[in-house]
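Quick notes on the structure that follows.
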Amino acid sequence: PAGKAQEALQQWDWLGSLLERSGFSSILAATPLLDGAPVAVKRVPRNCVRCWGELPKGTSTPLEIKLLHVIS
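At position 51 of the sequence shown the residue is numbered 395 (our numbering), and the sequence of numbers has no breaks.
See the structure below:
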């Protein structure tokens, strides 16, 4: 749901600089409000995600995120 995605994005203080753009995603520079460490955020439109997975609490997520969760 858009509300959950918007809520998650509010945890970031966007610097707004676009680092890279491909045919289906954008990489943005961002700073988490929690610790201020600079990070890169990949944004992919929902309709461009081909494979989906599920996190432990039943949340549907792109498979890429699921795999990162498994190895962390």
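Every residue gets a Cβ at the ideal spot worked out from N, C-alpha and C, and that includes glycine.
Reduced DSSP secondary structure (H/G/I, E/B, other) of residue 401: coil
Beta-bridge pairing of residue 406 - partner residues as DSSP gives them: 396
Other residues of its chain near residue 368: CB distance less than 8 Å, five sequence neighbours each side excluded: 388, 389 and 392
Close beta carbons around residue 371, own chain, < 6 Å, minus the five adjacent residues each side: 363, 364, 384 and 386
Contacts around residue 411, its chain only, beta-carbon distance under 7 Å, and the 5 residues preceding and following it disregarded: none
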